[in-house]
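Just below is one structure, and these are the notes that go with it.
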Amino acid sequence: MKINLKSIAKAIVILVILTILPVIGRQWIPSEFYRAISLQSGFNLTDLLNRIALIGVILSILVILRGHVKKASAGHLALSTVWKIFWLFMVFFMFGLGHPETLGLAALGGKTEATENTVTFDFRLFAGLATVIVVLMIVRSVMQFQETRAKAAIQEPKSISNVS
Amino acid sequence: MVNRGKAIRALKFCIIGLILFTIILFALSLYTLITGLVGAVSGGSFGIELNKDTPNGDWLITLNASPRNNGILGVRLFINLGILNSSGEYIAANSTSVYIAPGGQSPFSLVLTIPYEVVQQYNVTLEQGAPVVFELMLGMSTLGDLVGFTQVMRISGEPRI
């Protein structure tokens, strides 16, 4: 198997930005900042950084795998589908402010002694539109794969007859 | 095969169009919500009055608002005022919603009546100590209520220790 240096370089850059920086960089964030963010917005910054680091690892693996499969292969189609679904997951991750399971609902809030403040953003319309886009992209990939296969099947007997 | 090729190309343009549509819609709605919120809460467009001197002893909390929408799309503003007991049940609540056209202004008033019996039962005063929670819910939505946000603010009469 030929090693794709370009994809490895891309994976390293992603790993550095999304995984290594958030993991190492958190020690320089003052603890007061963590406390203030958590109290005022109900945001668990450590949890968010861990999730981003995990995304970085998955993204790097996907980039490396994509760089090492043949374009017209079934493996490429499968990887391309996984890649698109992962991007949809990232869209949900952003709309949910680190919580993709909310499917486009982002909640922020904090409590002090006697007051409580919660803000919920509803971006489910865009989460739905993103899902439609990804489904269409997957359908297009499958159609492209089928077309490439059909072209290859037509060209193969021609090349055999030319040789004979 | 030619048909499939055409379908793939058509799908490609459809996807590009949908992506652009989504981005434009997202930018428009976000801009409308931000400008709508700024117009709704700035420049003294909200005011709350308390009237305890009613003939039957009821307390009246009146919210007078004159929100303005400086956005490109119309917005719907939803407001709920409520008083909850310590179990989280509403003992008094009232809500209203107004549609504000782009560049328009919609003045409105919302009156929350706290019955005299409730004032007595829960020992409601203007100072802290009453076992009740005052709730103000502000919601703003656009694109036919498909995109928006809701803010819930609760102030407890009994501070947590």
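Sequence lines, in order, name chains A and B.
Residue numbers for the first sequence follow this note's numbering, beginning at 7 and rising by one.
Residue numbers for the second sequence follow this note's numbering, beginning at 5 and rising by one.
All C-beta atoms in this analysis are idealised placements derived from N, C-alpha and C, irrespective of residue type, glycine included.
Less than 7 Å between the C-beta atoms of residue i and residue j, yes or no?
i                      : j                      : result
residue 77 of chain B  : residue 26 of chain B  : no
residue 140 of chain A : residue 65 of chain A  : no
residue 102 of chain B : residue 116 of chain B : no
residue 115 of chain A : residue 130 of chain A : no
residue 43 of chain A  : residue 49 of chain A  : yes
residue 78 of chain A  : residue 154 of chain A : yes
residue 67 of chain B  : residue 137 of chain B : no
residue 154 of chain B : residue 126 of chain A : yes
residue 24 of chain A  : residue 73 of chain A  : no
residue 102 of chain A : residue 54 of chain A  : no
residue 106 of chain B : residue 62 of chain B  : no
residue 73 of chain B  : residue 51 of chain B  : no
Can you tell me where the beta strand (DSSP E) holding residue i begins and where it ends?
i                      : result
residue 127 of chain A : 121 to 128
residue 118 of chain B : 112 to 118
residue 3 of chain B   : A question about residue 3 of chain B goes unanswered here, because the residues of chain B that appear run from 5 up to 165.
residue 99 of chain B  : 94 to 104
residue 137 of chain B : 136 to 146
residue 117 of chain A : 111 to 117
residue 53 of chain B  : 50 to 55
With 16 other CB atoms within 10 Å as the buried threshold, where does residue i fall?
i                      : result
residue 133 of chain A : buried
residue 84 of chain B  : buried
residue 151 of chain A : buried
residue 139 of chain B : buried
residue 164 of chain B : Note that residue 164 of chain B has pLDDT 48, beneath the 50 cutoff, so the model's placement of it is unreliable and the number below is only indicative. Flag for residue 164 of chain B reads exposed.
residue 44 of chain B  : buried
residue 118 of chain A : exposed
residue 8 of chain B   : exposed
residue 99 of chain B  : exposed
residue 30 of chain A  : exposed
residue 28 of chain A  : buried
residue 71 of chain B  : buried
residue 113 of chain B : exposed
residue 55 of chain B  : exposed
residue 146 of chain A : buried
residue 57 of chain B  : exposed
residue 161 of chain A : exposed
residue 108 of chain A : buried
residue 79 of chain B  : buried
residue 52 of chain A  : exposed
residue 98 of chain A  : buried
residue 31 of chain B  : exposed
residue 106 of chain A : buried
residue 20 of chain B  : exposed
residue 11 of chain A  : exposed
residue 33 of chain B  : buried
What first and last residue would you give for the alpha helix (DSSP H) that runs through residue i?
i                      : result
residue 93 of chain A  : 80 to 101
residue 56 of chain A  : 51 to 73
residue 128 of chain B : Segment: none, residue 128 of chain B is in no alpha helix (DSSP H) and carries neither H nor E.
residue 45 of chain A  : 37 to 47
residue 29 of chain A  : 27 to 31
residue 13 of chain A  : 11 to 20
Closer than 6 Å: is that where the CB of residue i sits relative to any heavy atom of the ligand MN?
i                      : result
residue 132 of chain A : Summarising the ligand content, the structure contains no ligands, and the ligand MN is consequently not present.
If you pair each beta-carbon of the region 80 to 100 of chain A with each one of the region 20 to 40 of chain A, do three or more pairs fall below 8 Å? At 8 Å Cβ cutoff, the stretches do not touch.
Cβ-based contacts, 8 Å cut-off: residues of the region 140 to 151 of chain A near chain B: From the region 140 to 151 of chain A, only 142, 143, 145, 146, 149, 150 have a Cβ closer than 8 Å to chain B.
Is the region 118 to 127 of chain B touching the region 11 to 26 of chain B, taking contact as three or more C-beta pairs under 8 Å? With a cut-off of 8 Å, the region 11 to 26 of chain B and the region 118 to 127 of chain B do not count as touching, because too few Cβ pairs lie within range.
When Cβ atoms are compared, which residues of the region 27 to 48 of chain B fall closer than 7 Å to chain A? So the list reads 30, given in the order they occur along the chain.
By the 7 Å beta-carbon criterion, what residues does the region 148 to 159 of chain B contribute toward chain A? Of all residues in the region 148 to 159 of chain B, 150, 151, 152, 153, 154, 155, 156, 157, 158, 159 have a Cβ within less than 7 Å of some Cβ in chain A.
Residues of the region 119 to 132 of chain A with a CB closer than 9 Å to any CB of chain B: list them in chain order, please. Residues passing the 9 Å Cβ filter: 119, 120, 121, 122, 123, 124, 125, 126, 127, 128, 129, 130, 131, 132.
Contact set between the region 7 to 26 of chain B and chain A, restricted to residues whose Cβ is under 7 Å from the partner: Listed in chain order, the positions of the region 7 to 26 of chain B with a beta carbon within less than 7 Å of a beta carbon of chain A are 8, 9, 11, 12, 15, 16, 18, 19, 22, 23, 26.
In chain order, what residues of the region 69 to 102 of chain A put their CB closer than 7 Å to some CB of chain B? Listed by position, the residues of the region 69 to 102 of chain A near chain B (Cβ gap below 7 Å) amount to none.
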